[in-house]
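Below is one structure, written out as structure tokens; comments come after it.
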Amino acid sequence: MKENKFKKILIIQTGFIGDVVLTIPLIETIKKNYPQSFLCAVTLKNGKDILLYNPYLDEIIIYEKKSRDKGLINFINLVKKIRRKRFDLAILPHKSLRSVLITVFSGIKERVGLKKYLAYLFYSKKIPLIKEDQAIERNLRLASALNCTLIEKNPHLYLSAKDNEYTDKFLRINSHDYLVGINPGAAWKTKRWVKEGFAEVGNILAKEGKVKIIFFGGPNETSLVKEIMELINFKPIIATGKTTVRQMISLISKCKLYIGNDSGPTHIAASLGIPTVVIFGPTVLEQGFTPRGDKVVILENKSLKCRPCGGHGPDRCKYDTLACMKSISAEEVIRSCKEVIKW
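Here's what the structure looks like:
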């Protein structure tokens, strides 16, 4: 336990779902080193679903930063709310100018962040960015700068009794059924493995005894799942477009195996300890956003010199081949599934 120098600590993470998941070890490390401090996280609505029930957080504040008509109003209201709480320290794992300006206007004197982009000019403590670090290690460097003992490196998600009740009602499967989750979507289309591949993998797995397959995804991915359903010869459970992030977490927690792309739900599966097979295309592990867990197998074509072609993956392949995804076969995915679950 550290000397209680900071009585109120704020962590701001308004990135994607995966970014929030990868911030959890930082949250837990800070609280374990400063157990008497009040620890609050500012995040987006989806981020709150990720952090809900985390015992190391005292409060979660939602920031609606993407509202078109109320963007500035929401920013001002958030600043006022944070200012009233009188935080002593702000930790900023998300390299965002907007996030650091929130802390400046809120009057937080101590601001710790990574030394990159324009935002670092406003930090009181600037931590060098090491490109070779994974995101979790980058985040934990912020804790190290505060003389914290690094305790936890794997993210954990927490479920409630209400979550379990929801899954039982939604799934309606037998306890001996083997639930396999498939998420064919991703925010960027170039990060999506081919639909024919997901269909073939599903068809192969569905032949195995008591296997039940559930498709995940957001509202924008319902058409993709419909296209896959035209190629399969089994009846899946469809959760695509039907759940909140919180409900999706609870459903994924019931899976015995998860298959997906480099996306937020894949980070969720990995952090829940679900055996997870991840298909990487335009992004690479060295960029630092690898799903973290003890049961994760990552598939990628390392021979392509065009990878990576962007921080998140571009809207389209500049060669119009999408070779990074099309070169990965269903047989490779099945082998990886057997490897991760010791089939």
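Taking my numbering, the leading residue of the sequence shown gets 510, the next gets one more, and so forth.
Here a beta-carbon is modelled for each residue, glycine too, at the ideal position from N, C-alpha and C.
Quantities reported herein were computed from a predicted structural model and do not represent experimental measurements.
My assumption, with CB atoms under 8 Å, is that residue i sits in contact with residue j. Please give the rounded CB distance.
| i | j | result |
| --- | --- | --- |
| Leu666 | Ile526 | 11 Å between Cβ atoms; not a contact. |
| Lys804 | Val849 | 6 Å |
| Val734 | Phe724 | 5 Å |
| Val588 | Phe614 | 5 Å |
| Ile746 | Leu680 | 7 Å |
| Gln465 | Gly797 | Here the chain comprises residues numbered 510 to 852, so residue 465 is not present and cannot be evaluated. |
| Asp824 | Trp697 | 7 Å |
| Asn692 | Gly726 | 6 Å |
| Leu813 | Cys833 | 6 Å |
| Lys554 | Ile582 | Actually they do not touch by this definition, with Cβ atoms about 17 Å apart. |
| Ile521 | Val551 | 5 Å |
| Tyr767 | Thr785 | 5 Å |
| Phe515 | Leu598 | 4 Å |
| Leu531 | Ile639 | Rounded, the Cβ-Cβ distance is 16 Å, inconsistent with contact. |
| Ile611 | Ile591 | 7 Å |
| Thr731 | Gly750 | 4 Å |
| Asn663 | Gly819 | That pair is no contact at about 27 Å. |
Whose C-beta lies closer than 7 Å to the C-beta of residue i among residues of the same chain, with five residues either side of it excluded?
| i | result |
| --- | --- |
| Val720 | Tyr687, Val689, Leu714 |
| Glu568 | Cys549 |
| Glu661 | Pro534, Glu537, Thr538 |
| Ser605 | Thr523, Ala628 |
| Pro817 | Pro791, Thr792, Val793, Gln796 |
| Glu705 | Leu740 |
| His603 | Ile521, Gln522, Thr523, Gly524, Asp528 |
Checking the sheet assignment: what are the DSSP bridge partners for residue i?
| i | result |
| --- | --- |
| Lys751 | According to DSSP, which records beta bridges pairwise, Lys751 is partnered with nothing at all. |
| Tyr687 | Val720 |
| Val710 | Bridge partners of Val710: none, in fact. |
| Asn692 | Gly769 |
| Cys549 | Leu519, Glu568 |
For residue i, does the count of other Cβ atoms within 10 angstroms reach 16, so buried, or fall short, so exposed?
| i | result |
| --- | --- |
| Thr658 | exposed |
| Pro564 | exposed |
| Ser488 | Not covered by the structure: residue 488. The range shown for the chain is 510 to 852. |
| Asp677 | exposed |
| Gly616 | exposed |
| Cys815 | exposed |
| Ser845 | buried |
| Pro728 | exposed |
| Asp771 | buried |
| Lys700 | buried |
| Asn656 | exposed |
| Pro637 | exposed |
| Asp829 | exposed |
| Ser684 | exposed |
| Ser608 | buried |
| Lys540 | buried |
| Asn648 | buried |
| Ala748 | buried |
| Lys618 | exposed |
For residue i, which residues of its own chain have a beta-carbon under 6 Å away from its beta-carbon, when the five flanking residues on both sides are left out?
| i | result |
| --- | --- |
| Ala708 | Ile737, Leu740, Ile741 |
| Val787 | Thr775, Pro800, Ile807 |
| Arg755 | Asp558 |
| Lys575 | none |
Counting only the same chain and skipping the five closest in sequence on each side, list residues whose C-beta sits under 8 Å from that of residue i.
| i | result |
| --- | --- |
| Lys579 | Glu573 |
| Ile761 | Gly690, Phe725, Tyr767, Pro774, Ile777, Ala778, Leu781, Ile783 |
| Leu560 | Val529, Ile533, Ile536, Ala550, Thr552, Leu566, Ile569 |
Handout entry: Completely contained alpha helix (DSSP H) runs for the segment 731-795, where each covers 4 or more residues
Key = 731-738, 754-761, 773-780
Problem - Those runs of the beta strand (DSSP E) which lie wholly inside the segment 568-655 and span at least 3 residues - result: 568-571, 598-601, 619-624, 634-637
Problem - Segments assigned beta strand (DSSP E), at least 3 residues, entirely inside the segment 797-832 - result: 805-808
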